[in-house]
Amino acid sequence: MEQYLSQLNEAQLAPTLQKDGPMIVIAGAGSGKTRVLTIRIAYLMSQGVDPFNILALTFTNKAAREMKKRIADIVGNSEAKNLWMGTFHSIFAKILRFEADKLGYPSNFTIYDTQDSQRLISSIIKEMGLDKDIYKYKQVYSRISSYKNSLITVKAYFQNGELQESDAMAKRPRMGEIYQNYVDRCFKAGAMDFDDLLLKTNELLTRFPDVLLKYQDRFRYILVDEYQDTNHSQYLIVRALSDRFQNICVVGDDAQSIYAFRGANINNILNFQKDYDDVKTYRLEQNYRSTKNIVQAANSIIDKNKTKLDKVVWTANDDGPKIIVNRLITDAEEGRFVAASIWDNKMNNQLKNGEFAVLYRTNAQSRAIEDALRKRDIPYRIYGGLSFYQRKEIKDVLAYLRLIVNPADEEALKRVINYPTRGIGQTTIERLVVAANHYNRSIFEVMMHLDKIELKINAGTKRKLEDFVTMIRSFQVMNANADAFQVAEHVSKKTGLIQEFKKDGTPEGIARMENIEELLNGVKDFVEGQQEIADATGSLSEFLEDVALATDLDQDTGDDDRVALMTIHLAKGLEFPHVYIVGMEEDLFPSAMSMNTRTELEEERRLFYVALTRAEKQAYLTYTLSRYRWGKLIDAEPSRFIEEIDEQYLEYITPINDRRYKPMIDADIFGEVDKSKLRLKKPIAGKSPKGPSEEQLRKLRKLKPVSDGAPTGNLFDSDLVAGTKVNHTRFGRGEIIKLEGVGQDKKAEIRFENGGLKKLLLRFAKLEVL
Ligand code: ATP
Ligand code: MG
21 MEQYLSQLNE
31 AQLAPTLQKD
41 GPMIVIAGAG
51 SGKTRVLTIR
61 IAYLMSQGVD
71 PFNILALTFT
81 NKAAREMKKR
91 IADIVGNSEA
101 KNLWMGTFHS
111 IFAKILRFEA
121 DKLGYPSNFT
131 IYDTQDSQRL
141 ISSIIKEMGL
151 DKDIYKYKQV
161 YSRISSYKNS
171 LITVKAYFQN
181 GELQESDAMA
191 KRPRMGEIYQ
201 NYVDRCFKAG
211 AMDFDDLLLK
221 TNELLTRFPD
231 VLLKYQDRFR
241 YILVDEYQDT
251 NHSQYLIVRA
261 LSDRFQNICV
271 VGDDAQSIYA
281 FRGANINNIL
291 NFQKDYDDVK
301 TYRLEQNYRS
311 TKNIVQAANS
321 IIDKNKTKLD
331 KVVWTANDDG
341 PKIIVNRLIT
351 DAEEGRFVAA
361 SIWDNKMNNQ
371 LKNGEFAVLY
381 RTNAQSRAIE
391 DALRKRDIPY
401 RIYGGLSFYQ
411 RKEIKDVLAY
421 LRLIVNPADE
431 EALKRVINYP
441 TRGIGQTTIE
451 RLVVAANHYN
461 RSIFEVMMHL
471 DKIELKINAG
481 TKRKLEDFVT
491 MIRSFQVMNA
501 NADAFQVAEH
511 VSKKTGLIQE
521 FKKDGTPEGI
531 ARMENIEELL
541 NGVKDFVEGQ
551 QEIADATGSL
561 SEFLEDVALA
571 TDLDQDTGDD
581 DRVALMTIHL
591 AKGLEFPHVY
601 IVGMEEDLFP
611 SAMSMNTRTE
621 LEEERRLFYV
631 ALTRAEKQAY
641 LTYTLSRYRW
651 GKLIDAEPSR
661 FIEEIDEQYL
671 EYITPINDRR
681 YKPMIDADIF
691 GEVDKSKLRL
701 KKPIAGKSPK
711 GPSEEQLRKL
721 RKLKPVSDGA
731 PTGNLFDSDL
741 VAGTKVNHTR
751 FGRGEIIKLE
761 GVGQDKKAEI
771 RFENGGLKKL
781 LLRFAKLEVL
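Here the sequence shown is numbered in the numbering used here, starting from 21 and rising by one per residue.
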């Protein structure tokens, strides 16, 4: 038997060794479902299955990459490279590029992100003269998204009286028209939104039997992780593709189904047995991730749900400490408790930042936690906030790049046609849109034929439009023979974007310019990385696809040591030694929106189950008596979920009487904090009875890098200090002169041996310490 199979227990071996046929593994959190999928793929390859014939669908691209790496360790990199692995969106975006022409799309179609889609919907609402307070663009967007995920096309919408009625009841009788316009405009712009990537794949597989046959034949073995969270559209794709060979292995946990609000359908798990012949069902019961206290507490929670499959989860791990429950007065104090507790833990137990995660129900909760972590110089990383690629200046550069690849891209065009300013006004743009709609062409096409159409613009404006067209076309000419980096660099200079920020001269302007510089570094790295991949060329369109489908988790290279902050939804599948679940309050968690029906409440409870089962060693639950929400101080009550946990697994503490967690500033905690005072205050860790000794502290202070007098990175946080010699993949060897900023924005100023002085964002710069 292959050596690597010894990484599995008996129960895990069974589904791993079943080579053919449909199978489902249903098992609780931490029981090794993902591990089974990984090892199973290696095993299939050892049995002669060609990696080109294996398709594995994961929840994030990061998960796919990690899986691929583990498999590569077993079977070797050259073989593992050929596996088809990734999220539904990334895999099917690739397939759609091959087959785009069948659906009338160009193969270089743009992928609209949520922001692009929402901007387009917002302009459509405006153009149609509708009331934007009734037709709220975000609501309209999510409505359209849910139609698409249920495969309700525009045509189907207009045939469905019930749907139309429900929109009319919601005072939005013209939803259907907006939907129609949105779909038309995307099509004309050669753009697909995220939901289209699934919808169009379904269309492709249904309308073209030969295409279906081709992919059925290619993907002879299909594996799906987190199957409980597939939506209807994804379900149909998997079903269609696996229909011929029926070698389908899905793993999931009904107790972790948390995306119903986005259309995930738990019935996909429940009905799996009915969908295929001779389905083998496997169960795993042993949890390897967490302590007994955590596993049993999690079991006691999920027991309260009525709708569930019967499952046993146990662990042979130690009991571990009890789950700590803590009451704080305000959200600011909650943040301080979390930061102080992480600090103490690190000091006492020599832990790394990366061993901690703070999980919350809503993104807005991160601010108080961030403030507190910053004050203690504890580096953190927020997942799911505004990602690098969503920043304005980055989206501006990307919009130019998108236009080069697909000039029909309406959202990209509208973004940069007058940025940097070139005297093309809003009225002109609106006229162009009207003309484009009238002639049923893209805006860019209209601009290319200004002589042939009737358009009310003066000669000066006309010349400016023509100049813009000429510029984009010159970029296209270059793009035909250059790689993504060369084009991106040229574009950033030629369009005047870099100069714009240089001229600006404010710290924000400089930060923006540096971000663009970092984007260029990223493109360079991408191009170099692509050279290793068999059929990739490092072209601009490859880069844009990569960016469009990158999620926040994907950018995490794992190189830097930071506390992870994220919503519980994002934490699915991940694990951390220490987990803080904050905001355990009624109306927040469970969310106020979810208390109307049992179904909704049960989904919240599953979310809590997911949160708690991320913890390996220790979990903390915190709640506050009052919290700022929507700009007001609101009284809060402890979450019912705390009470639902069997008390024997909990330990309550009240930090108000515990001087260790004394607020760092002796201000009225309800009052405003004078930020200028903060810098002078020292962390209170030294006062902690279990904290480091005076001698230790002296040593630490001595080692702490001193730059410009401002507090710098924490010693435990990174090996980088002023004076560290490093190597950068592109700029070569150099020495760090200075570090500045914290969190995502931490930068190092480096003098490179080849003469250059550069400021690099640490989360992007790939530095090797020499
Ligand atoms: P989740 O439901 O949260 O996605 P999962 O069922 O996918 O969890 P894994 O992430 O595969 O579980 O495994 C949980 C942890 O247990 C991982 O750290 C994994 O490496 C470890 N593990 C799984 N199986 C074994 C085993 N047989 N021996 C030792 N460790 C194991
Ligand atoms: Mg998993």
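Think of the CB as a built atom: it goes at the ideal place given N, C-alpha and C, for glycine as much as any other residue.
* Entirely within the stretch 163-230 and at least 4 residues each: give me those alpha helix (DSSP H) ranges in chain order. => The stretch 163-230 contains, as complete alpha helix (DSSP H) runs of 4+ residues, the segments 174-179, 181-189, 195-208, 214-227 (chain order).
* Check: Gly106 C-beta below 8 Å from any heavy atom of the ligand MG -> The sequence position of residue 106 within the sequence shown is 86, counting from 1. No, the Cβ of Gly106 stays beyond 8 Å of every heavy atom of the ligand MG.
* With a Cβ-Cβ cutoff of 9 Å, do Asn81 and Thr481 count as a contact? -> Taking the sequence shown and counting its residues from 1, one reaches residue 81 at position 61. Taking the sequence shown and counting its residues from 1, one reaches residue 481 at position 461. By the CB criterion at 9 Å, Asn81 and Thr481 fall outside the cutoff.
* Asked: When you compare only the Cα positions, how much space is there between Gly374 and Ile362?
  -> Along the sequence shown, one-based indexing puts residue 374 at 354. Along the sequence shown, one-based indexing puts residue 362 at 342. One alpha carbon belongs to Gly374, the other to Ile362, and they sit about 11 Å apart.
* Asked: Is there at least one non-hydrogen atom of the ligand MG closer than 8 Å to the beta-carbon of Asp245?
  -> Counting from 1 along the sequence shown, the entry for residue 245 is found at position 225. Asp245 Cβ: within cutoff of the ligand MG.
* From the DSSP output, in three-state form, read off Leu604 for me. => As a first step, residue 604 is located in the sequence shown; it is residue number 584 there, counting from the start. It is worth fixing the name first, because residue 604 is Met in this sequence and not Leu. Coil at Met604, not helix or strand.
* Asked: Quick one: what does DSSP say Leu103 is sitting in, helix, strand or coil?
  -> Residue 103 sits at position 83 when you count from the first residue of the sequence shown. Under the three-state reduction of DSSP, Leu103 is assigned to coil, being neither helix nor strand.
* Asked: Across which residues does DSSP place Met43 in a beta bridge pair?
  -> Position 23 of the sequence shown, counting from 1, holds the residue named residue 43. Answer by DSSP bridge pairing, in chain order: Cys269, Lys300.
* **Nonlocal neighbours in the same chain, by C-beta distance under 7 Å from Lys476, ignoring five residues either side** => Within the sequence shown, numbered from 1, the residue matching residue 476 stands at position 456. Taking Lys476 as the centre and dropping the five residues before and after it, the same chain places the C-beta of Arg451 closer than 7 Å to its C-beta, in chain order.
* Quick one: does the C-beta of Glu86 sit closer than 8 Å to a heavy atom of the ligand ATP? -> Here residue 86 is taken as the residue at index 66 of the sequence shown, counted from 1. For the ligand ATP, not one heavy atom lies less than 8 Å from the Cβ of Glu86.
* **Beta-ladder partner(s) of Gln638, from DSSP** => Translated into positions along the sequence shown, residue 638 becomes position 618. The partner list for Gln638 (beta bridge, DSSP) reads His598.
* By how many angstroms is the C-alpha of Asn307 removed from the C-alpha of Gln638? -> The count along the sequence shown starts at 1 and reaches residue 638 at position 618. The count along the sequence shown starts at 1 and reaches residue 307 at position 287. Here the alpha carbon of Gln638 sits roughly 15 Å from the alpha carbon of Asn307.
* Are the beta-carbon atoms belonging to Asn313 and Asp339 less than 9 Å from one another? -> Here residue 313 corresponds to residue number 293 of the sequence shown, with the count starting at 1. Here residue 339 corresponds to residue number 319 of the sequence shown, with the count starting at 1. Judged by their CB atoms, Asn313 and Asp339 are nearer to each other than the 9 Å cut-off.
* Measure from the alpha carbon of Val56 to the alpha carbon of each residue in Ala479, Asn501, Ile91, then state which is nearest. => Locating residue 56 in the sequence shown gives position 36, where the first residue counts as 1. Val56 has its Cα closest to that of Ile91, out of Ala479, Asn501, Ile91.
* Measure the C-alpha to C-alpha separation of Gln266 and Ala388 and round it to an integer number of angstroms. => Within the sequence shown, residue 266 is the residue found at index 246, counting from 1. Within the sequence shown, residue 388 is the residue found at index 368, counting from 1. C-alpha separation (whole angstroms): 50 Å.
* Check: Lys53 C-beta below 8 Å from any heavy atom of the ligand MN -> Among the ligands present in this structure, namely the ligand ATP and the ligand MG, the ligand MN is not found.
* Give, in chain order, every unbroken run of the alpha helix (DSSP H) that is at least 4 residues long and sits entirely within the stretch 546-590. => Taking only runs of at least 4 residues, the alpha helix (DSSP H) segments lying wholly in the stretch 546-590 are 560-568.
* Asked: Which residues bound the beta strand (DSSP E) around Lys766?
  -> Locating residue 766 in the sequence shown gives position 746, counting from the first residue. Where Lys766 is concerned, there is no enclosing beta strand (DSSP E), given that its DSSP letter is neither H nor E.
* To do: Could you tell me if Ala190 is buried or exposed, where buried requires 16 or more neighbouring beta carbons within 10 angstroms of its beta carbon?
  => Numbered from 1 along the sequence shown, position 170 holds the residue referred to as residue 190. That one is exposed.
* Asked: CB-CB under 8 Å to Ala359, same chain, minus the five flanking residues each way: which ones, in chain order?
  -> Numbered from 1 along the sequence shown, position 339 holds the residue referred to as residue 359. Cβ neighbours of Ala359 beyond the five flanking positions: Ile389, Ala392, Leu393, Lys395, Arg396, Ile398.
* Asked: Taking just the CA atoms, how far does Arg626 sit from Glu605?
  -> Within the sequence shown, numbered from 1, the residue matching residue 605 stands at position 585. Within the sequence shown, numbered from 1, the residue matching residue 626 stands at position 606. Roughly 16 Å separates the two Cα atoms.
* Asked: Mapping DSSP to helix, strand and coil, what is Asp503?
  -> Mapped onto the sequence shown, residue 503 falls at position 483. Coil at Asp503, not helix or strand.
* Asked: Where do the N-terminal and C-terminal ends of the beta strand (DSSP E) with Phe376 fall, by residue?
  -> To locate residue 376, count along the sequence shown from 1; it is residue 356. 376-380 is the span of the beta strand (DSSP E), which, as asked, contains Phe376.
* **Simplified DSSP state of Glu86, which is helix, strand or coil** => As a first step, residue 86 is located in the sequence shown; it is residue number 66 there, counting from the start. Glu86 carries a helical assignment under DSSP once its states are collapsed to helix, strand and coil.
* To do: Taking only the alpha-carbon atoms, compute the straight-line gap between Ser51 and Thr107 and give it to the nearest angstrom.
  => Walking along the sequence shown from the start, residue 51 turns up at place 31. Walking along the sequence shown from the start, residue 107 turns up at place 87. Separation of Ser51 and Thr107 (C-alpha to C-alpha, rounded to the nearest whole angstrom) is 22 Å.
* Heavy atom of the ligand MG within 8 Å of Gly593 beta-carbon -> To locate residue 593, count along the sequence shown from 1; it is residue 573. At a cut-off of 8 Å, the beta-carbon of Gly593 counts as near the ligand MG: some heavy atom of the ligand is closer than that.
* Whether Ser320 touches Ile665 by CB criterion (9 Å) -> Start at 1 with the first residue of the sequence shown, and residue 320 comes out as number 300. Start at 1 with the first residue of the sequence shown, and residue 665 comes out as number 645. Yes, the pair counts as a contact, with Cβ atoms nearer than the cut-off.
* Using DSSP with H/G/I as helix, E/B as strand and the rest coil, what is Ala275? -> Mapped onto the sequence shown, residue 275 falls at position 255. Note: Ala275 maps to helix in three-state DSSP.
* Coil, strand or helix - Ser98 by DSSP -> Taking the first residue of the sequence shown as 1, we reach residue 98 at position 78. Of the three classes helix, strand and coil, the one that applies to Ser98 here is helix, per DSSP.
* Thr311 - containing beta strand (DSSP E), residue span -> For the purposes of this step, residue 311 is taken as residue 291 along the sequence shown, with counting starting at 1. Note, Thr311: premise wrong, no beta strand (DSSP E); not H, not E.
* To do: Could you pull out every residue in the same chain whose Cβ sits closer than 7 Å to the Cβ of Arg422, ignoring the five residues on either side in sequence?
  => The residue you call residue 422 lines up with position 402 of the sequence shown. If we look at Arg422 and ignore the five residues flanking it on each side, its Cβ neighbours are Thr130, Asp429, Ala432, Leu564.
* What's the call for Asn287, buried or exposed, on a 16-neighbour Cβ count within 10 Å? -> As a working mapping, residue 287 is identified with position 267 in the sequence shown. The residue in question, Asn287, is exposed, as its Cβ has fewer than 16 Cβ neighbours within 10 Å.
* To do: Report all residues from its chain with a CB closer than 7 Å to the CB of Asp574; omit the five preceding and five following residues, and keep chain order.
  => Looking up residue 574 in the sequence shown gives position 554. Cβ-Cβ distances below 7 Å link Asp574 to Thr80, Asn81, Lys82 in the same chain, with the five nearest sequence neighbours on each side left out; the list follows chain order.
* Where does Val741 sit, in a helix, a strand or coil, going by DSSP? -> Position 721 of the sequence shown, counted from the start, is the residue given in the question as residue 741. In the structure shown, Val741 sits in coil (DSSP, three-state: anything other than H, G, I, E or B).
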